[in-house]
Amino acid sequence: MFLILLGGVRPAAAQSRPAFDVASVKVAEIPQHGVIRVGLTGNAAHGMFQCSYCSLESLVSQAWSIKAYQIIGPEWLISVSVNIDAKLPPGTPNDQVLLMLQTLLEERFHLALHPEQKEIPVFALEVDDKGARLHPADPAGRGSIRQGPGTWTATKTTMVGLTNMLTRQFNRTVLDKTGLQGQYDIDLHWAPDPNDTALPDLPGAVRSQLGLRLKSQKESMAVMVIDHLDKAPTEN
7 MFLILLGGVR
17 PAAAQSRPAF
27 DVASVKVAEI
37 PQHGVIRVGL
47 TGNAAHGMFQ
57 CSYCSLESLV
67 SQAWSIKAYQ
77 IIGPEWLISV
87 SVNIDAKLPP
97 GTPNDQVLLM
107 LQTLLEERFH
117 LALHPEQKEI
127 PVFALEVDDK
137 GARLHPADPA
147 GRGSIRQGPG
157 TWTATKTTMV
167 GLTNMLTRQF
177 NRTVLDKTGL
187 QGQYDIDLHW
197 APDPNDTALP
207 DLPGAVRSQL
217 GLRLKSQKES
227 MAVMVIDHLD
237 KAPTEN
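Residue numbers are given in this note's numbering: position 8 of the sequence shown equals residue 14, and the series is strictly consecutive.
Written out as structure tokens, the structure is:
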């Protein structure tokens, strides 16, 4: 994955940024059955940049080096996925690749966005009054994650891994306020259907099974507000 450090989240003007030599961009129709490979790959040394089944949200997040929860945009941002196959100009340094992705999003999707400081609703993950109920991971073990409807099993994970999962589940930022720095094995089960009373809901499961609680609050943070974004790219 390419990483680039920007001065905050302020985007540069598209005209001043580099661009891919050529790029094929297509809306990805995710198949109903089978296995797909999702992700972003690129190698400036090999002159290529590819993205398979990447959501528009993930592309904006990558291009501006921000977290998904720092993006304020339409609800469909996470559900529209695209495939990108782009060629880099010869001799492109790695730190230019994400700038090229910014240019592509603005030119092919007519993306317009601006930075703001906003107070947004979040959850704070805290240790419950009775203490955490977490199982320390075996230092010699291997990390893994398995997830399904109402289940999340992770070995050798951290509070960052847990809060990332919870953020996706709630579609709301979850901040780690536990102060726990270790690695843990977590086997979490909750009712994916609100009508299912055999298991607790997700906040209840976090509290009863992990000894942690979710506190609703507001947090001021730098965000990127999307003013305009097309669902489909311009023609290749």
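Where is the CB? At the ideal position from N, CA and C, for every residue including glycine.
Keep in mind it's a predicted model, so treat the numbers as computed, not measured.
Backbone CA spacing between Lys-32 and Lys-237 [nearest angstrom]: 11 Å
Whole alpha helix (DSSP H) elements within the stretch 177-204, 4-residue minimum: none
Sequence-distant residues of the same chain with beta carbon closer than 6 Å to Ala-92, five excluded per side: Phe-26, Ala-29 and Phe-55
Whole-angstrom distance between Gly-147 and Ser-58, CA atom to CA atom: 31 Å
Rounded separation between Arg-23 and Gln-76 - CA only: 22 Å
Cα-Cα separation between Asp-199 and Leu-205, rounded to whole angstroms: 10 Å
Supposed close pair Lys-221, Ala-130 - CB separation, criterion 8 Å: 5 Å
Per-residue burial, Gln-187 [other beta carbons within 10 Å of its own, 16 or more giving buried]: exposed
CB contact flag (Gln-189, Ala-143, <8 Å): yes
Bridge-paired residues (DSSP) for Lys-73: BP columns for Lys-73 are empty, so no partner.
Distance CB(Leu-218)-CB(Val-103) smaller than 8 Å: no
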